[in-house]
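Numbering (the numbering used here), first residue to last: 7 to 508.
Glycine included, every Cβ here is placed at the ideal spot set by N, Cα and C.
Take a look at the structure set out below.
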C-alpha cells in the first residue's frame, strides 16, 4: 500500500476496502436510491458514477439520484445518456439531463436546498440505500473529511445503509479542518442551531459515521469541474452600481452600517459579477453567509473588503482555483464549509439578517419572480437555495438583465409564467437600467416603480399601456387576464415578445 494512501486512509482496518470504481459500483443495484456528494460542480464523486453508467450499458440499472446541487465532470450527462436516472433530486444544471426532464424521461423533484435531507430524515421520501462521497481523507476514527463541498454529503453518509468513499488525491490535504459538520437533532427534541455569526463553528471537522458502513474506497485523481461563469460586462457592472448606490442610501438612512449585514449570492455570472462590484465600493469589513463561494468571494478577500465567508461549496474558474487551492492556507482561517441544511437554514438566515442576492429568469410588474421555468413549462435548473434565502432574508434582492436574446425577450412582464418567489418575498428588483425598491408598496405602486426603473423600451411603454387597461378593470392586483401571458405565447410562436409589425 503506497504511503500516501495511508496518509489519506488513517484507519488501518479500512485499507483492505480500497478497490476499483467498477467493483465499488457493484454495491449499487437497480431500483436503489443513491446519494452522491457534490454541490454546484464542487466535491462531487467522479469515477464511481461513470462506472455505474458503463454497467448500465450492459444491464438494466435505474436509480433515484440525490445530490446536494448540480454535478460537474459531465456526471449527469453521462448517467442520463446511459439511462441510469429514473428520478433526480433536488437540483441540476446539465443540458442533456434538462432535455430528458422536459421530455418526461426523467422524473425531477425540485426542492428548496435546505429541505432534502429533512425529508430524508423523517422518511417522507425514499431512504438512501448507498451514499457515494468524495473525501480528502478518512480519519483515525473512520470519519470522512469532505473536499470542496459539504452539501448533503454528511446526512447522506449518516442515513445510508452503505457508504462508498472516493479519496481524491488532487484535493489538497490542507482542506482538512475547513469544514463544520453540524447535524440538527430529530424533532420534536430539536435545539436551536447555535450560529449567531457567520464566523461561528458549531460542529465537527469531519463526517462521523460507524466505519463498518464504509464498504468500498476508491482512489481518484480527477479535479473539480471549473465554474462556467463569465467575467463582468457593462450591464452587470451597471447592476452593481445601482446596488452599491442603494446600500449607500441605506447607510445614510441609518438602516445599515458600512459593514452591511452578511451577504448571500446565488450561483452564476450575474451574481458573481455584482458581488465583484463591492471591490470599488465604500464598504469594508464584510462577511458572507452563503451557499456557493465563487471567484468574487476571493476577489473581495484579496481586496481587503471581506473578513469571513461561510458557504457549502467553493466553485471557481480554472485560474482562481489554482490560486486558491494552491495556497488554501492563506484563506483557511477566514472560511468555513457547512452542510446545506445549515448554510440555507431559515432559522439562521433570519437570525443573521442576511442580504440575499439572487437572479431571476423573469419578474412581473408586481414583483413575482420566476427562477426555474422557461416560458412557464420548460425546466431550466431548479429553485436551488434562492427560496430559502428570499423568504427569510433581511433584504431579498433579485437581479436580471432587462432583456435577453438581443432584445427579443423582456425580463419584466405583465405576469410571470411560473412563480417561484411571490411578491411577498421580493424587496428589490434591479436591472442594468435601475433599481426598484418595493418595500412598503401596494401592488399598483409596485408596478409603477418596476416599470419606471427596470424595463427597457419598447417594453416599458407596452407595460404602461397594459397597466392602464388593467387599472380600468380594477382590483387590488389589476390584470387583463386574457392578455397577461400574451407576451409568452407570442414568444413561443415567433421567437420574440415584440408585437408583429403590420
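### Query
Which residues share a DSSP beta bridge with residue 88?
Per DSSP, none; premise fails for residue 88.
### Query
Based on the DSSP output, what are the partners of residue 404 in its beta bridges?
364 and 435
### Task
Give the straight-line distance between the Cα atoms of residue 346 and residue 305, rounded to the nearest whole angstrom.
23 Å
### Length at least 3, wholly inside the segment 299-386: the beta strand (DSSP E) runs in chain order
312-317, 341-343, 361-365 and 368-370
#### Entry: Local Cβ density within 10 Å of residue 238, reported as buried at 16 or more and exposed below that
buried
### Query
Terminal residues of the continuous beta strand (DSSP E) containing residue 173?
168-174
### Query
Start and end of the beta strand (DSSP E) containing residue 240?
First-last for residue 240: 240-258, but that is the alpha helix (DSSP H), not the beta strand (DSSP E).
#### Entry: residue 235 (DSSP reduced to helix, strand or coil)
coil
### Query
Near residue 313, which residues of its chain fall below 8 Å by C-beta distance, leaving aside the five closest residues on each side in sequence?
291, 292, 293 and 340
### Task
Have a look at residue 323 and residue 337 and give me their C-alpha separation to the nearest angstrom.
17 Å
### Task
Would you kindly work out how many angstroms separate the C-alpha atoms of residue 187 and residue 505, rounded to a whole number?
54 Å
#### Entry: the segment 213-220 touching the segment 144-161, judged by at least three CB pairs closer than 8 Å
yes
### Query
With distances taken between CB atoms, is the gap from residue 41 to residue 137 smaller than 8 Å?
yes
#### Entry: Under the three-state DSSP convention, the category residue 282 falls into
helix
### Query
Helix, strand or coil for residue 44 per DSSP?
coil
### Message
Can you find the residues in the same chain that come closer than 6 Å, C-beta to C-beta, to residue 486, ignoring five residues on each side of it along the sequence?
### Response
475 and 476
### Message
Tell me the rounded alpha-carbon separation between residue 78 and residue 422.
### Response
30 Å
### Task
Measure the CB-CB distance between residue 444 and residue 434 and report whether it falls below 8 Å.
yes
#### Entry: Pick from 480, 472, 282 and 387 that is closest to residue 493, judged by C-alpha positions
472
### Query
How is the beta strand (DSSP E) around residue 271 delimited, first residue to last?
269-271
### Buried or exposed (CB count within 10 angstroms, at least 16 for buried), residue 14
buried
### Query
Tell me which same chain residues have a C-beta within less than 7 Å of the C-beta of residue 99, skipping the five on either side of it?
76 and 387
### When 236, 117 and 51 are compared against residue 85, the one with the closest alpha-carbon
51
### Query
If we call anything under 8 Å between Cβ atoms a contact, is residue 396 one with residue 431?
yes
#### Entry: Whole-angstrom distance between residue 241 and residue 43, CA atom to CA atom
35 Å
### Query
Considering only the beta carbon of each residue, do residue 92 and residue 128 sit closer than 8 Å?
no
### Task
Measure the alpha-carbon distance for residue 499 versus residue 380 and round it to whole angstroms.
14 Å
### Message
Beta-carbon within less than 7 Å of residue 229's beta-carbon, same chain only, minus the 5 sequence neighbours each way: which residues are those?
### Response
176
### Query
Is DSSP giving residue 204 helix, strand or coil here?
coil
### Query
Between residue 364 and residue 420, what straight-line distance do the alpha-carbon atoms span, to the nearest angstrom?
21 Å
### Task
Report buried or exposed for residue 259, applying the criterion of at least 16 other Cβ atoms within 10 angstroms of its Cβ.
exposed
### Task
Answer yes or no: do residue 374 and residue 297 have a C-beta to C-beta separation smaller than 8 Å?
no
### Task
Return the first residue and the last residue of the alpha helix (DSSP H) that residue 425 is part of.
No alpha helix (DSSP H) contains residue 425, which DSSP labels as neither H nor E.
### Message
Within a Cβ cutoff of 8 Å, which residues of the same chain sit near residue 417, ignoring the five residues on either side of it in sequence?
### Response
366, 367, 368, 369, 406, 407, 408, 409, 410 and 437
### Task
Output yes or no for whether 8 Å exceeds the beta carbon distance between residue 47 and residue 378.
no
### Query
How is residue 392 classed by DSSP in three states: helix, strand or coil?
helix
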